[in-house]
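Visitor: Here the protein sequences line up with chains A and B, keeping their order. Each residue of the first sequence is one higher than the one before, starting from 490 at the first, in my numbering. Each residue of the second sequence is one higher than the one before, starting from 201 at the first, in my numbering. Sending over a structure as structure tokens; questions will come in a sec.
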Amino acid sequence: SQQGEEDPQALSIQEGENATMNCSYKTSINNLQWYRQNSGRGLVHLILIRSNEREKHSGRLRVTLDTSKKSSSLLITASRAADTASYFCATVSGFQKLVFGTGTRLLVSP
Amino acid sequence: DGGITQSPKYLFRKEGQNVTLSCEQNLNHDAMYWYRQDPGQGLRLIYYSQIVNDFQKGDIAEGYSVSREKKESFPLTVTSAQKNPTAFYLCASSLGTADEKLFFGSGTQLSVL
Chain A
490 SQQGEEDPQA LSIQEGENAT MNCSYKTSIN NLQWYRQNSG RGLVHLILIR SNEREKHSGR
550 LRVTLDTSKK SSSLLITASR AADTASYFCA TVSGFQKLVF GTGTRLLVSP
Chain B
201 DGGITQSPKY LFRKEGQNVT LSCEQNLNHD AMYWYRQDPG QGLRLIYYSQ IVNDFQKGDI
261 AEGYSVSREK KESFPLTVTS AQKNPTAFYL CASSLGTADE KLFFGSGTQL SVL
């Protein structure tokens with residue numbers, strides 16, 4: 490079962506622009522995580538935000554969480570061609586299972 | 201280097217054949233997971249294990265089997281009962297529960313001959 494739905498499904502921007510991806514989920518959560526996947530590779534953890542947090546930063550990444558709207562956003566500032574990848578949100582709710590969304594494919598052109 | 205190693209990177213299965221995907225970690229993590237990813241899709245949980253000699257079914261366990269005889273190893277067998285096995289398989293581990301971040305291997309692409 491897919492808990493999270495990312496929006497947009499695909500995003501194409503120029504280097505230097507900001508990229509914003511959104512994630513909506515259905516049930517209450519313990520935490521929400523964002524991962525990155527380069528084509529044909531495994532996923533890499535980017536950031537974790539707990540249900541009692543509203544915003545978190547890590548380098549050029551900014552994540553917000555609105556539990557009342559059951560949504561989160563990932564902002565990548567000053568994007569680079571190397572940021573081209575798929576980005577997934579994942580939620581933990583209930584017992585021991587991390588459930589992934591369908592992903593946003595980001596293309597950053599030089 | 202610490203991390204998760206999946207092998208092989210590419211695997212081909214003949215009809216009626218069982219194949220086993222290897223996953224080894226040297227992170228001293230208790231929990232390990234197997235996910236399946238279809239093209240352009242998210243990840244779906246096949247099986248997970250929180251401790252040695254114990255594992256639970258995920259959302260799509262039918263046609264798959266696992267074992268967890270050692271903390272470091274969590275092999276996945278794709279049996280002949282899995283009629284649509286072509287996919288990218290990802291193994292992951294975490295320190296304890298799924299509240300922790302997951303560390304992923306580089307994946308195995310399984311195709312049917």
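All C-beta atoms, glycine included, are put in the ideal place defined by N, C-alpha and C. Please read all numbers here as calculations on a predicted model, not as lab measurements.
(1) Using only the alpha-carbon positions, how far apart do residue 208 of chain B and residue 580 of chain A sit?
(2) When you compare each of B/244, B/265 and B/260 to residue 254 of chain B by their alpha carbons, which one comes out closest?
(3) Residue 530 of chain A versus chain B: which residues are under 8 Å apart at the beta carbon?
(4) Indicate whether at least one CB of chain B lies closer than 9 Å to the CB of residue 537 of chain A.
(5) For residue 536 of chain A, list the residues DSSP reports as bridge partners.
(6) Is residue 246 of chain B near the ligand PLP, in the sense that its beta carbon is under 8 Å from a heavy atom of that ligand?
(7) Compile a chain-ordered list of the residues in the segment 232-261 of chain B whose CB is closer than 9 Å to at least one CB of chain A.
(8) With a threshold of 9 Å between beta-carbons, can residue 519 of chain A be considered close to chain B, or not?
(9) By Cβ distance below 8 Å, which residues in the same chain neighbour residue 260 of chain B in space, the five residues on each side in sequence not counted?
(10) Can you name, in chain order, every residue of its own chain whose Cβ lies under 8 Å from the Cβ of residue 218 of chain B, other than the five neighbours on each side?
(11) Quick check on this structure: which residue in A/504, A/523 and A/565 has the alpha carbon closest to the alpha carbon of residue 535 of chain A?
(12) Identify which residue in B/304, B/307 and B/297 has its Cα closest to the Cα of residue 231 of chain B.
(13) Mapping the DSSP letters down to three states, classify residue 238 of chain B as helix, strand or coil.
(14) Could you tell me the distance, in whole angstroms, from the CA atom of residue 213 of chain B to the CA atom of residue 239 of chain B?
(15) If you drop the 5 nearest sequence neighbours on each side, which residues of the same chain put their C-beta closer than 7 Å to that of residue 287 of chain B?
(16) Would you be able to state if there are at least three C-beta pairs under 8 Å between the segment 547-560 of chain A and the segment 525-534 of chain A?
(17) Our contact map puts residue 563 of chain A next to residue 510 of chain A with C-beta atoms below 8 Å; I'd like the distance itself, whole angstroms only.
(18) Since residue 254 of chain B sits in a beta bridge, which residues does DSSP pair it with?
(19) Is the CB of residue 550 of chain A under 9 Å away from at least one CB in chain B?
(20) Can you list the residues of chain A that residue 271 of chain B reaches, using a CB-CB cut of under 8 Å?
(21) Give the interface partners of residue 503 of chain A over in chain B, defined as CB-CB distance under 7 Å, in chain order.
Guide: The short version:
(1) Here residue 208 of chain B refers to the residue found at position 8 of the second sequence. Here residue 580 of chain A refers to the residue found at position 91 of the first sequence. Cα to Cα, residue 208 of chain B sits roughly 29 Å from residue 580 of chain A.
(2) To locate residue 254 of chain B, count along the second sequence from 1; it is residue 54. Out of B/244, B/265 and B/260, B/265 has the C-alpha closest to the C-alpha of residue 254 of chain B.
(3) Taking the first sequence and counting its residues from 1, one reaches residue 530 of chain A at position 41. Simply 306 and 307.
(4) Reading the first sequence from its first residue, position 48 is the one you call residue 537 of chain A. For residue 537 of chain A, a Cβ of chain B is located within less than 9 Å of the residue's own Cβ.
(5) For the purposes of this step, residue 536 of chain A is identified with residue 47 of the first sequence, where counting begins at 1. Answer is A/523, bridged to residue 536 of chain A.
(6) Among the components of this structure there are no ligands whatsoever, and the ligand PLP is therefore not found.
(7) So the close ones are 233, 235, 237, 240, 241, 242, 243, 244, 245, 248, 250, 256, 258 and 259.
(8) For this step, residue 519 of chain A is matched to residue 30 along the first sequence. Yes, its Cβ sits closer than 9 Å to a Cβ of chain B.
(9) As a first step, residue 260 of chain B is located in the second sequence; it is residue number 60 there, counting from the start. Excluding sequence positions up to five before and after residue 260 of chain B, its CB lies within less than 8 Å of the CB of 236, 244, 245 and 246, all in the same chain and listed in chain order.
(10) As a first step, residue 218 of chain B is located in the second sequence; it is residue number 18 there, counting from the start. Within its own chain, the residues whose Cβ lies closer than 8 Å to the Cβ of residue 218 of chain B, once the five positions on either side in sequence are excluded, are 277, 278, 279 and 280, listed in chain order.
(11) Translated into positions along the first sequence, residue 535 of chain A becomes position 46. When each option's Cα is compared against that of residue 535 of chain A, the closest is A/523.
(12) In the second sequence, residue 231 of chain B corresponds to position 31, counting from 1. Comparing C-alpha distances from residue 231 of chain B to each of B/304, B/307 and B/297 shows the shortest one belongs to B/297.
(13) Here residue 238 of chain B is taken as the residue at index 38 of the second sequence, counted from 1. Note: residue 238 of chain B maps to coil in three-state DSSP.
(14) For this step, residue 213 of chain B is matched to residue 13 along the second sequence. For this step, residue 239 of chain B is matched to residue 39 along the second sequence. One alpha carbon belongs to residue 213 of chain B, the other to residue 239 of chain B, and they sit about 18 Å apart.
(15) The residue labelled residue 287 of chain B in the question sits at position 87 within the second sequence. Excluding positions up to five away in sequence, the list reads 236, 237, 238 and 310.
(16) No, the segment 525-534 of chain A does not touch the segment 547-560 of chain A.
(17) For this step, residue 563 of chain A is matched to residue 74 along the first sequence. For this step, residue 510 of chain A is matched to residue 21 along the first sequence. Yes, residue 563 of chain A and residue 510 of chain A are in contact; Cβ-Cβ is about 5 Å, under 8 Å.
(18) Within the second sequence, numbered from 1, the residue matching residue 254 of chain B stands at position 54. Residue 254 of chain B has B/251 as its beta-bridge partners, per DSSP.
(19) Along the first sequence, one-based indexing puts residue 550 of chain A at 61. No, residue 550 of chain A does not count as interfacial toward chain B.
(20) On the second sequence, residue 271 of chain B is found 71 positions in, with the first residue counted as 1. In chain order: nothing, as chain A lies at least about 17 Å away.
(21) For this step, residue 503 of chain A is matched to residue 14 along the first sequence. Going along chain B, no residue has its Cβ under 7 Å from residue 503 of chain A, so there is no contact; the nearest lies around 24 Å.
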